[in-house]
Amino acid sequence: MKIICIGRNYAEHAAELNSAVPKEPVFFIKPETALMRAGYPFFIPAFSSNIHYEVELVLKITRVGKNIQERFAHRYYHEIGVGIDFTARDIQNQCKDEGLPWEKAKAFDGSAPVSQFVSLNSLRDDENIRFSLQKNGTVVQTGFSNDMIFSFNHLIAYVSQFVTLKTGDFLFTGTPAGVGSVQAGDLLEAFLEDKKMLHIPVK
Ligand code: MG
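Okay, so the sequence shown: first residue is 3 according to our numbering, each after it adds one.
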């Protein structure tokens, strides 16, 4: 099982990090040890002094596929949830400056909490899915899937050229603007439409 994450898939978020809007998807992978199921706290790792939250829509892959054509990509997922792509922003910036891979900043243990999943059919508007993140009761990020630079189906087609998708893999589809840091004592709550999906005390 692997966690495939898309970077820079919302133009306003790319701008807030001074990153260019990509011409093709940017992806990286978190290992299974990054996964944290709903209901657990997040522990700030000792190696970073600037951990950021990034709330994202997450697809659960339901069949094996390689070189999936975009027009068939919808057959590879039926459920959606939300996750947080925790990022050691200080370390990521060092990696970017030195032209190094991002794994130290992105793939660490517990860096990928994922909610329960719901059927896409059960959403009020599965064409423009609304999701959000609250920190200590204040909304800090709101996203709409229509604002993605690359659609779910485009992402699946693109990634599967390089990496075989397997049943049970997760695809984090990118974060909207509003990322920021967390401190011990904060509470993060992620929502899909109006339904609370994640409750994460930060320790
Ligand atoms: Mg992200």
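A virtual CB, placed ideally from N, CA and C, is assigned to each residue, including glycine.
Bear in mind the structure is a predicted one, so any value in this text is a computation, not a measurement.
Distance between residue j and residue i (C-alpha atoms, nearest Å)
i, j, result
"residue 124", "residue 61", "14 Å"
"residue 98", "residue 5", "21 Å"
"residue 44", "residue 135", "15 Å"
"residue 187", "residue 55", "14 Å"
"residue 58", "residue 176", "5 Å"
"residue 212", "residue 42", "Because the chain spans 3 through 205 in this model, residue 212 falls outside it and cannot be assessed."
"residue 147", "residue 22", "20 Å"
"residue 163", "residue 103", "20 Å"
"residue 15", "residue 141", "16 Å"
"residue 89", "residue 107", "6 Å"
"residue 76", "residue 166", "16 Å"
"residue 205", "residue 37", "17 Å"
"residue 105", "residue 154", "23 Å"
"residue 101", "residue 31", "17 Å"
"residue 92", "residue 184", "13 Å"
"residue 174", "residue 8", "6 Å"
Assigned secondary structure, residue i (DSSP; H/G/I helix, E/B strand, else coil)
i, result
"residue 10", "coil"
"residue 56", "coil"
"residue 192", "strand"
"residue 30", "strand"
"residue 74", "helix"
Residue interval of the beta strand (DSSP E) (run including residue i)
i, result
"residue 205", "Careful: residue 205 lies outside any beta strand (DSSP E) and carries neither H nor E."
"residue 91", "It is not in any beta strand (DSSP E) - residue 91 instead sits in the alpha helix (DSSP H) that spans 91–100."
"residue 84", "79–86"
"residue 3", "No beta strand (DSSP E) contains residue 3, which DSSP labels as neither H nor E."
"residue 39", "37–39"
Limits of the unbroken alpha helix (DSSP H) element including residue i
i, result
"residue 25", "Segment: none, residue 25 is in no alpha helix (DSSP H) and carries neither H nor E."
For residue j and residue i, believed in contact at Cβ under 8 Å, the rounded distance
i, j, result
"residue 200", "residue 117", "5 Å"
"residue 70", "residue 151", "So it is not a contact: roughly 19 Å between Cβ atoms."
"residue 192", "residue 86", "7 Å"
"residue 67", "residue 79", "Residue 67 to residue 79, Cβ: 10 Å. No contact."
"residue 178", "residue 144", "7 Å"
"residue 39", "residue 28", "Rounded, the Cβ-Cβ distance is 26 Å, inconsistent with contact."
"residue 63", "residue 119", "Wrong, their Cβ atoms sit about 11 Å apart, outside the cutoff."
Could you tell me which uninterrupted alpha helix (DSSP H) segments, each at least 4 residues in length, are contained entirely in the stretch 141–190, listed from first to last along the chain? 154–161
Runs of beta strand (DSSP E) lying entirely within the stretch 105–141, each at least 3 residues, in chain order: 114–116 and 132–137
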